[in-house]
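Down below is the structure, laid out as structure tokens.
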Amino acid sequence: MEIVIIGGVAAGAKAAAKIKRLLPSSNVSIYTDDTHVSYSSCGLPYYIEGNFSDYKSLLVRSVEEFQASGINVYLKAKVEKILIPQQQVLVCSNNQIRLVKYDRLIIATGARPLIPNINGVNDFDNVYTLRKIEDGIKIKEKMLQSKHAVIIGSGYIGLELLEAFVRNGLEVDVIEKNDRIMPMFDPDMSDIIRTRIESCNSKTFAFHTGETVSEFIGKGRTLTHVKTLSGKTFKTDFVLLSAGIVPNSEIAKDAGIKIGESGAIKVNKLMQTSVPNIYACGDCCEEPHLISGHSVWVPLGSTANKEGRCAALNAAGVYTVFEGVLGSAVSRCLNTTMSMTGLTTREAESFGYTSVSAVVSKSDMVAYMPEASDITIKVIADKVTGLILGGQAVGSLGADKRINSLASALVGKLTVKQFGNNDLTYSPPFSPTIDPLLDAMNILCTKIPRHC
Numbered sequence: 004m005e006i007v008i009i010g011g012v013a014a015g016a017k018a019a020a021k022i023k024r025l026l027p028s029s030n031v032s033i034y035t036d037d038t039h040v041s042y043s044s045c046g047l048p049y050y051i052e053g054n055f056s057d058y059k060s061l062l063v064r065s066v067e068e069f070q071a072s073g074i075n076v077y078l079k080a081k082v083e084k085i086l087i088p089q090q091q092v093l094v095c096s097n098n099q100i101r102l103v104k105y106d107r108l109i110i111a112t113g114a115r116p117l118i119p120n121i122n123g124v125n126d127f128d129n130v131y132t133l134r135k136i137e138d139g140i141k142i143k144e145k146m147l148q149s150k151h152a153v154i155i156g157s158g159y160i161g162l163e164l165l166e167a168f169v170r171n172g173l174e175v176d177v178i179e180k181n182d183r184i185m186p187m188f189d190p191d192m193s194d195i196i197r198t199r200i201e202s203c204n205s206k207t208f209a210f211h212t213g214e215t216v217s218e219f220i221g222k223g224r225t226l227t228h229v230k231t232l233s234g235k236t237f238k239t240d241f242v243l244l245s246a247g248i249v250p251n252s253e254i255a256k257d258a259g260i261k262i263g264e265s266g267a268i269k270v271n272k273l274m275q276t277s278v279p280n281i282y283a284c285g286d287c288c289e290e291p292h293l294i295s296g297h298s299v300w301v302p303l304g305s306t307a308n309k310e311g312r313c314a315a316l317n318a319a320g321v322y323t324v325f326e327g328v329l330g331s332a333v334s335r336c337l338n339t340t341m342s343m344t345g346l347t348t349r350e351a352e353s354f355g356y357t358s359v360s361a362v363v364s365k366s367d368m369v370a371y372m373p374e375a376s377d378i379t380i381k382v383i384a385d386k387v388t389g390l391i392l393g394g395q396a397v398g399s400l401g402a403d404k405r406i407n408s409l410a411s412a413l414v415g416k417l418t419v420k421q422f423g424n425n426d427l428t429y430s431p432p433f434s435p436t437i438d439p440l441l442d443a444m445n446i447l448c449t450k451i452p453r454h455c
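Per my numbering, the very first residue in the sequence shown carries number 4; after that it's consecutive.
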């Protein structure tokens with residue numbers, strides 16, 4: 004059997020390794036336009052920061068290791084077209100074009116940075132995006148030669164790179180078009196994130212919210228200034244664009260494969276596309292949301308690996324289902340860990356829930372412990388059924404583990420009352436006697452007593 008996989012960073016690499024183990028006699032080939040295969044792109048901000056010196060630490064599996072397993076890897080090989088009637092793909096590599104036959108095709112083309120509509124955005128060499136290893140190498144090299152950076156966008160990547168730049172002695176201006184940073188969080192939690200981060204030596208960086216960049220100004224191929232619609236001008240050594248990402252779904256769309264409302268490839272729970280024998284996984288495809296039931300696009304490395312495995316199993320004839328996602332995510336910026344899962348208040352209301360929420364701010368462990376610090380947790384529930392819908396946590400320690408607990412509750416479709424009786428661990432270095440999560444459940448019970 005001929006198995007062709009387009010893309011080989013996370014989902015594609017996972018799918019290739021799994022399907023080769025399931026069908027050892029099959030011919031498995033990865034085609035990627037990248038110069039590397041199977042690596043952790045999520046680790047790039049920490050490579051730039053200097054947490055480790057060799058980018059090769061990001062590599063999960065080398066080309067040689069794939070080849071030793073009988074998997075063909077073709078780097079700098081761009082699949083230009085999918086020919087569905089012929090079950091072939093058109094590959095361009097080394098200035099040559101060839102047709103490759105497939106019995107099963109797995110699309111794992113990932114996503115790419117969103118390039119904002121800014122005058123001069125393509126005119127300068129010191130304007131960067133971060134997606135591939137080569138991007139990380141270039142940004143790190145430029146950072147070490149610089150004193151100032153402008154970051155456009157204040158999502159996960161923007162804040163992770165804010166930390167990297169500040170830790171390396173740069174002054175940084177972060178420009179965000181929304182009225183708050185980390186706009187994927189509820190507004191009250193975004194405000195807490197900003198206050199916490201700004202409390203950490205904010206003389207070296209500044210957030211500029213509600214500002215839209217209108218123009219890049221420079222000399223020759225070197226950018227020197229960033230201008231906003233409000234008239235502000237920032238002199239800088241380089242710019243990092245982190246205004247979001249978009250799915251690489253064009254090759255599927257051009258072939259007539261169904262695309263979802265998000266612009267990502269539409270798949271079922273078997274990772275099958277609308278065309279027989281073609282699967283999609285990772286950042287290029289949609290998935291069902293476990294709470295709302297709607298199709299969503301949540302591009303995360305953890306999800307990509309799970310979907311790659313599911314696609315491989317089903318392509319090999321082993322029935323398995325990927326139920327969906329919660330959008331569980333965590334990130335760190337300087338002194339602040341921020342994490343979330345499930346629906347935000349706005350999302351819950353948009354999906355027709357009558358939401359109610361509780362916010363708890365207290366010590367993340369017993370207050371007399373020297374490492375103790377504040378943590379804020381928000382839990383959102385459905386007023387009609389008492390079901391937990393989502394949650395967010397912001398703190399120094401423990402924000403991730405609280406959200407992981409909440410994610411398990413969401414998968415189990417627990418109510419506020421059921422989780423409120425949860426037997427969570429306690430010891431002074433790890434938690435107060437009543438965990439902040441349980442405090443939030445108790446508050447919610449007072450707001451929806453008929454469910455408690």
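Every residue gets a Cβ at the ideal spot worked out from N, C-alpha and C, and that includes glycine.
These numbers were taken from a predicted model, which means no experiment stands behind them.
One Cα belongs to L165, the other to T215, and the distance between them is close to 19 Å. For the region 72-154, the full-length beta strand (DSSP E) segments reaching 3 residues or more read 74-77, 80-86, 91-96, 99-104, 107-110, 114-116, 130-132 along the chain. Look at P250 here: in three-state DSSP terms it is strand. Under the three-state reduction of DSSP output, G423 falls in the helix class.
The secondary-structure analysis by DSSP pairs I195 with nothing; it has no beta-bridge partner. Scanning the region 341-375 from its first residue to its last, the whole alpha helix (DSSP H) runs of 4-plus residues come out as 348-353. For S334, the beta-bridge partners assigned by DSSP are M341.
Assignment of beta strand (DSSP E) within the region 172-242, counting only whole runs of 3 or more residues, yields 174-179, 208-212, 216-222, 225-231, 236-238 in chain order. Sequence-distant Cβ neighbours of S298 in its own chain, meaning closer than 8 Å and more than five residues away, are G263, E264, S265, K269, E289, E290, P291, H292. In the same chain as N97, and ignoring 5 residues on each side of it, no C-beta atom comes closer than 6 Å to its own. For N445, the secondary structure class from DSSP, reduced to helix, strand or coil, is helix.
Listed in chain order, the non-local C-beta contacts of I74 below 8 Å within the same chain comprise A19, A20, K23, V31, S32, I33, local neighbours out to five positions each way being set aside. Counting along the chain, G304 sits inside the alpha helix (DSSP H) bounded by residues 304-318. Considering only T339, E144, A443, the residue with the shortest C-alpha distance to V382 is A443.
Assigned with DSSP and collapsed to three states, E163 falls in helix.
Of the residues assessed, Q395 falls on the buried side of the cut-off, its CB having 16 or more other CB atoms within 10 angstroms. Taking 9 Å as the cut-off, the beta carbon of V321 is found no closer than this to the beta carbon of F219. Rounded to whole angstroms, the gap between the alpha carbons of D286 and K404 is 25 Å. V76 sits away from T112, with the two beta carbons spaced by 9 Å or more.
Taking a cut-off of 8 Å on C-beta distances, the region 151-167 does not touch the region 252-263, as fewer than three cross pairs fall below it. DSSP places E68 in the helix class (H, G or I) of the three-state scheme.
Within its own chain, the residues whose Cβ lies closer than 6 Å to the Cβ of I6, once the five positions on either side in sequence are excluded, are I22, S29, V31, R107, listed in chain order.
Ranking V12, S411, K84 by CA distance to the CA of V40 puts V12 first. One Cα belongs to C313, the other to E374, and the distance between them is close to 41 Å. The Cβ atoms of F422 and L440 sit closer than 9 Å to each other. Boundaries for Y34: no alpha helix (DSSP H) harbours it, while the beta strand (DSSP E) harbouring it runs 30-34, taken from the DSSP string.
Under the three-pair Cβ rule at 8 Å, the region 56-63 does not count as touching the region 222-233. I437 sits exposed, since fewer than 16 C-beta atoms from the chains shown fall within 10 Å of its C-beta. The Cβ atoms of N338 and I200 lie closer than 9 Å to each other.
Just measuring C-alpha positions, the residue of P432, L417, S430, I121 sitting nearest C455 is L417.
In this structure T379 is buried. Its beta-carbon is surrounded by 16 or more other beta-carbon atoms within 10 angstroms. For K381, the pairing in a beta bridge is given by DSSP as V362, Q395.
DSSP, read as helix, strand or coil, puts S298 in strand. Per DSSP, A283 lies in no alpha helix (DSSP H) segment; the continuous beta strand (DSSP E) that holds it begins and ends at 281-283.
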